[in-house]
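2 protein chains.
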Amino acid sequence: MTQASMDAPQSSVAELAKRASAASRQLAKLSNERRSEILTKAANAIEQNAERILDSNIRDCRAAEATVAAGQMSPSVFARLKLSTRGVEEMAARVRDVARLPDPLGRCLAATELDQNLVLYRETCPLGVIGIVFEARPDVVPQVAALALKSGNAVLLKGGSEAIHTNEALVEIWRDCLESFPSVPPESVALLQTRVDVMELLKLERDVDLIIPRGSRELVEFVAQNSRIPVLGHGEGICHVYVDRAAHVEKAIKITLDSKTQYPAACNAVETLLVHQEIAAEFLPRAALELTRAAVELRACPKTLALLKRQEVVQAEEADWGMEYSDLILSIKIVPNLDDAIAHIRRYGSRHTETIVTEDAEAAKKFMEEIDAAGVFHNASTRFADGFRYGLGAELGISTGKFHARGPVGLEGLTTYKYKLFGNGQTVAEYSSGARHFTHRILPQ
Amino acid sequence: MTQASMDAPQSSVAELAKRASAASRQLAKLSNERRSEILTKAANAIEQNAERILDSNIRDCRAAEATVAAGQMSPSVFARLKLSTRGVEEMAARVRDVARLPDPLGRCLAATELDQNLVLYRETCPLGVIGIVFEARPDVVPQVAALALKSGNAVLLKGGSEAIHTNEALVEIWRDCLESFPSVPPESVALLQTRVDVMELLKLERDVDLIIPRGSRELVEFVAQNSRIPVLGHGEGICHVYVDRAAHVEKAIKITLDSKTQYPAACNAVETLLVHQEIAAEFLPRAALELTRAAVELRACPKTLALLKRQEVVQAEEADWGMEYSDLILSIKIVPNLDDAIAHIRRYGSRHTETIVTEDAEAAKKFMEEIDAAGVFHNASTRFADGFRYGLGAELGISTGKFHARGPVGLEGLTTYKYKLFGNGQTVAEYSSGARHFTHRILPQ
Numbered sequence: 478m479t480q481a482s483m484d485a486p487q488s489s490v491a492e493l494a495k496r497a498s499a500a501s502r503q504l505a506k507l508s509n510e511r512r513s514e515i516l517t518k519a520a521n522a523i524e525q526n527a528e529r530i531l532d533s534n535i536r537d538c539r540a541a542e543a544t545v546a547a548g549q550m551s552p553s554v555f556a557r558l559k560l561s562t563r564g565v566e567e568m569a570a571r572v573r574d575v576a577r578l579p580d581p582l583g584r585c586l587a588a589t590e591l592d593q594n595l596v597l598y599r600e601t602c603p604l605g606v607i608g609i610v611f612e613a614r615p616d617v618v619p620q621v622a623a624l625a626l627k628s629g630n631a632v633l634l635k636g637g638s639e640a641i642h643t644n645e646a647l648v649e650i651w652r653d654c655l656e657s658f659p660s661v662p663p664e665s666v667a668l669l670q671t672r673v674d675v676m677e678l679l680k681l682e683r684d685v686d687l688i689i690p691r692g693s694r695e696l697v698e699f700v701a702q703n704s705r706i707p708v709l710g711h712g713e714g715i716c717h718v719y720v721d722r723a724a725h726v727e728k729a730i731k732i733t734l735d736s737k738t739q740y741p742a743a744c745n746a747v748e749t750l751l752v753h754q755e756i757a758a759e760f761l762p763r764a765a766l767e768l769t770r771a772a773v774e775l776r777a778c779p780k781t782l783a784l785l786k787r788q789e790v791v792q793a794e795e796a797d798w799g800m801e802y803s804d805l806i807l808s809i810k811i812v813p814n815l816d817d818a819i820a821h822i823r824r825y826g827s828r829h830t831e832t833i834v835t836e837d838a839e840a841a842k843k844f845m846e847e848i849d850a851a852g853v854f855h856n857a858s859t860r861f862a863d864g865f866r867y868g869l870g871a872e873l874g875i876s877t878g879k880f881h882a883r884g885p886v887g888l889e890g891l892t893t894y895k896y897k898l899f900g901n902g903q904t905v906a907e908y909s910s911g912a913r914h915f916t917h918r919i920l921p922q
Numbered sequence: 478m479t480q481a482s483m484d485a486p487q488s489s490v491a492e493l494a495k496r497a498s499a500a501s502r503q504l505a506k507l508s509n510e511r512r513s514e515i516l517t518k519a520a521n522a523i524e525q526n527a528e529r530i531l532d533s534n535i536r537d538c539r540a541a542e543a544t545v546a547a548g549q550m551s552p553s554v555f556a557r558l559k560l561s562t563r564g565v566e567e568m569a570a571r572v573r574d575v576a577r578l579p580d581p582l583g584r585c586l587a588a589t590e591l592d593q594n595l596v597l598y599r600e601t602c603p604l605g606v607i608g609i610v611f612e613a614r615p616d617v618v619p620q621v622a623a624l625a626l627k628s629g630n631a632v633l634l635k636g637g638s639e640a641i642h643t644n645e646a647l648v649e650i651w652r653d654c655l656e657s658f659p660s661v662p663p664e665s666v667a668l669l670q671t672r673v674d675v676m677e678l679l680k681l682e683r684d685v686d687l688i689i690p691r692g693s694r695e696l697v698e699f700v701a702q703n704s705r706i707p708v709l710g711h712g713e714g715i716c717h718v719y720v721d722r723a724a725h726v727e728k729a730i731k732i733t734l735d736s737k738t739q740y741p742a743a744c745n746a747v748e749t750l751l752v753h754q755e756i757a758a759e760f761l762p763r764a765a766l767e768l769t770r771a772a773v774e775l776r777a778c779p780k781t782l783a784l785l786k787r788q789e790v791v792q793a794e795e796a797d798w799g800m801e802y803s804d805l806i807l808s809i810k811i812v813p814n815l816d817d818a819i820a821h822i823r824r825y826g827s828r829h830t831e832t833i834v835t836e837d838a839e840a841a842k843k844f845m846e847e848i849d850a851a852g853v854f855h856n857a858s859t860r861f862a863d864g865f866r867y868g869l870g871a872e873l874g875i876s877t878g879k880f881h882a883r884g885p886v887g888l889e890g891l892t893t894y895k896y897k898l899f900g901n902g903q904t905v906a907e908y909s910s911g912a913r914h915f916t917h918r919i920l921p922q
């Protein structure tokens with residue numbers, strides 16, 4: 478490689494990825510104790526450098542204020558950019574949480590004696606290099622760095638340009654901390670700078686093992702369409718609450734309200750309420766009243782409109798059934814039966830999280846078997862679909878794909894496995910010829 | 478949709494996929510007993526229709542003979558196309574093998590009590606619709622249909638055009654068999670006809686959950702590049718045997734010979750032999766002699782050439798280190814130490830299967846930790862990397878990707894999981910407010 482090409486900006490990401498890949502091989506060798514020690518030290522470093530982080534954040538916020546004033550940044554994006562002292566403490570606390578999680582590596586998933594002195598193990602190991610592309614929210618940096626290192630992976634981060642100084646400060650603190658451990662290359666964590674960098678990252682199939690886009694649906698779509706590296710992310714969260722004819726009405730109201738209003742911007746918030754026709758007259762007027770009190774805009778099917786004629790409800794259009802409002806808006810549809818509810822969800826749902834409210838165990842069983850989604854809930858709010866609530870200890874994101882990891886993804890999503898076979902000189906010819914026979918005895922793990 | 482567009486051929490695959498998707502929802506509801514019963518009946522039907530299958534195969538073979546004569550089909554492809562009575566019996570036997578496998582569905586992967594009366598289960602379930610694109614070998618049809626149905630999935634098959642009559646006969650026999658079960662839609666198994674059909678299949682993201690290409694590297698590449706549906710397949714098998722300085726020479730010779738000659742066309746055959754310089758003089762002349770006797774062409778590094786100067790060895794070129802010969806050809810390189818062997822494998826290996834031959838447990842441990850491949854073997858032939866030999870009962874293929882399934886993929890590769898949450902009206906607001914607390918108690922499975 479010539480000096481000119483080394484200096485060229487388009488080669489820098491490839492170079493960072495190559496170094497991260499080399500670093501990941503060192504990380505894979507560290508014990509869990511050492512990985513946790515690094516995280517604890519990083520958490521301390523974040524606290525000790527709180528002022529530096531906040532100063533950088535003030536620079537970003539000042540620049541962003543002008544953008545907000547010009548109407549080019551929404552106040553909610555600005556709010557997520559802005560860090561407080563409390564926010565920095567929270568960052569450190571989350572890193573310590575990850576340090577305390579059980580070791581995700583070297584777990585034996587299966588062990589089989591193929592024959593005497595020929596034993597096969599399936600064991601978890603790191604993926605290698607993780608690329609994360611995210612928007613705003615600088616707290617993603619320590620969170621993702623912690624998850625990646627805990628699972629023996631190197632990480633390349635690209636945050637939003639509006640948080641560039643905060644992200645740089647955070648990554649520098651991590652790298653300084655890594656440098657104090659002799660066997661841990663600081664190249665394990667690196668920050669990419671520009672959108673051009675992202676385009677290059679997406680092409681580095683050989684050195685980057687996984688891309689995680691965290692942000693808008695457009696970002697996730699863009700990444701998926703422009704990379705052949707596996708992508709872990711969710712497109713949409715079009716979740717449903719189905720109130721069955723055998724529903725307990727109080728529970729149904731509670732669950733609907735929580736699913737819609739507890740945090741409407743979340744992907745696990747409900748977008749469409751489906752109601753069995755036999756319970757609609759009893760349930761819907763009360764539910765609508767509570768929802769309207771909670772400032773939820775209702776968009777309903779004609780039957781619902783007829784039932785709620787005195788209340789403030791607008792007619793739903795076809796497009797409403799496939800819409801992720803991410804806001805205090807709820808579409809409502811009365812269905813003739815459970816099968817029609819299932820059919821509606823199949824047609825419009827995004828395979829994220831679906832809830833049935835019913836006291837009929839058979840109906841619940843049918844719903845939970847037949848709905849194809851990452852989460853199928855009985856008598857619980859859709860908002861429970863979350864890594865912390867599931868007890869995973871940390872969450873990388875929620876996957877609506879069916880591959881590798883589905884639903885809330887924790888540390889396990891950053892690992893794969895390898896088969897280790899321990900032999901004594903065995904050849905396949907001995908077994909094909911019939912001279913030896915496989916025992917295939919499952920061993921206790 | 479107008480009548481004209483419904484009749485257009487480009488809609489037919491979409492229609493087949495939609496029906497397969499509907500069928501898959503019925504399949505998902507069947508008990509393991511019923512799924513196994515269907516497979517047993519299909520195996521019987523294959524035997525009862527042996528003559529019909531063989532007649533169709535004769536038609537395909539007659540057409541193929543002309544192609545072979547014209548030099549447009551290799552004799553090995555022709556050999557794989559041709560079926561014997563014994564071959565049909567084998568097909569039925571393999572279907573019965575799959576019928577006997579343990580149920581891959583409804584397995585509880587994890588159970589957590591989130592709180593009193595709020596319990597989360599992670600449970601295996603079918604993927605939905607599997608698309609298989611394969612070349613020649615009509616025995617793929619019953620094998621894949623059996624694996625798909627056993628795991629509750631529908632399947633769309635596209636075989637090579639040279640086997641069209643055989644494949645049609647086989648799919649008809651399966652569908653006739655399925656029709657005799659009232660709750661099992663015959664649309665669960667369908668055959669695509671043309672290359673245009675394949676292009677359409679690759680675009681059906683909503684209805685097709687997984688594509689498995691079985692055939693040449695070109696086929697796998699083509700599928701991966703033309704579809705956003707997840708693909709399970711392996712590109713290349715560039716496997717290495719590394720003979721460490723502490724190797725037992727007899728074992729090293731046995732393992733090298735078996736890895737290369739037991740079935741050289743297989744993806745798990747060795748392509749490059751790496752030899753520690755301290756054992757080269759003792760090991761290589763004897764190994765080379767045995768390999769040459771077994772008609773293996775040797776392509777070696779200069780140091781090896783110097784050592785084997787009286788034997789028939791040609792000099793390896795740079796391209797040899799990255800080549801999957803799939804033939805009786807082996808490249809040989811002397812390396813200064815274990816680290817260089819690992820570095821060579823990292824650079825040229827395809828992450829399939831790598832073997833170290835050594836009596837030094839530390840060297841073995843280092844190799845098995847640091848090599849990033851689906852299989853890392855100690856003192857065993859690379860040819861063991863196979864679903865049957867691993868005891869998976871059946872093999873769909875070998876994955877060199879790190880996602881979802883790695884290495885030999887059995888029934889489990891056709892399943893995903895869903896989270897089932899059973900509650901009693903709980904809301905997230907109760908937990909955020911601190912009124913209730915998660916217990917996150919791991920339950921015995």
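Those protein sequence lines, which keep their order, are chains R and U.
Residue 478 is where the first sequence starts when you use this note's numbering, and the numbers rise one by one after that.
Residue 478 is where the second sequence starts when you use this note's numbering, and the numbers rise one by one after that.
Where a beta carbon is used, it is the ideal one built from N, C-alpha and C, also for glycine.
A quick note: this is a predicted structure, and the numbers were derived from the prediction, not measured.
Going by DSSP in three states, residue i sits in which element: helix, strand or coil?
i, result
"VAL812 of chain U", "strand"
"GLN922 of chain R", "coil"
"CYS602 of chain U", "strand"
"LEU624 of chain R", "helix"
"LEU634 of chain R", "strand"
"TYR908 of chain R", "helix"
"GLU831 of chain U", "strand"
"CYS716 of chain U", "strand"
"ILE706 of chain R", "coil"
"PRO690 of chain R", "strand"
"CYS744 of chain R", "coil"
"PHE880 of chain R", "coil"
Looking only at DSSP bridge pairs, what is residue i linked to?
i, result
"ALA783 of chain U", "Its beta-bridge partners do not exist; DSSP assigns none."
"PHE899 of chain U", "R:HIS855 and U:VAL596"
"VAL886 of chain U", "U:GLY874"
"GLU590 of chain U", "U:VAL596 and U:ARG918"
"GLY864 of chain U", "The partner list for GLY864 of chain U (beta bridge, DSSP) is empty, contrary to what the question assumes."
"CYS585 of chain R", "R:GLU600"
For residue i, which of the options has the nearest alpha-carbon?
i, options, result
"ALA765 of chain U", "U:ASN745, U:VAL791, U:ALA743 and U:GLU755", "U:VAL791"
"ILE848 of chain U", "U:TYR719, U:GLU794 and U:ALA546", "U:TYR719"
"MET845 of chain R", "U:SER498, U:LEU493, U:ARG502 and U:ALA497", "U:ARG502"
"SER660 of chain R", "R:MET800, R:ARG722, R:MET550 and R:ARG511", "R:ARG511"
"PRO579 of chain U", "U:TYR896, U:LEU888 and U:ILE919", "U:LEU888"
"GLU528 of chain U", "U:MET550, U:ASP592, U:THR643 and U:LEU558", "U:THR643"
"GLU451 of chain U", "U:GLU759, U:LEU775, U:CYS744 and U:THR830", "This structure cannot speak to residue 451 of chain U, because chain U is shown only from 478 to 922."
"ALA625 of chain U", "U:ALA646, U:GLU612, U:LYS635 and U:PRO603", "U:PRO603"
With a threshold of 8 Å, establish whether the CB of residue i neighbours any heavy atom of the ligand FAD.
i, result
"LYS842 of chain U", "Absence of the ligand FAD from the depicted structure is noted, as is the absence of any ligand whatsoever, leaving it without description."
Using a Cβ-Cβ distance under 9 Å, would residue i count as near chain R?
i, result
"LYS897 of chain U", "yes"
"LYS728 of chain U", "yes"
"ARG866 of chain U", "yes"
Can you find a C-beta in chain U that's less than 9 Å from the C-beta of residue i?
i, result
"CYS602 of chain R", "yes"
"LEU493 of chain R", "no"
"ALA481 of chain R", "Unreliable placement is indicated for ALA481 of chain R, whose pLDDT of 39 sits below 50; the coordinate value is still reported in the next sentence. By this cut-off, ALA481 of chain R is not an interface position."
"HIS717 of chain R", "no"
"PHE658 of chain R", "no"
"ALA772 of chain R", "no"
**Request:** Could you tell me which uninterrupted beta strand (DSSP E) segments, each at least 3 residues in length, are contained entirely in the stretch 749-810 of chain U, listed from first to last along the chain?
**Result:** For the stretch 749-810 of chain U, the continuous beta strand (DSSP E) assignments of 3+ residues that do not extend past its boundaries occur at 774-777 and 790-792, in sequence order.
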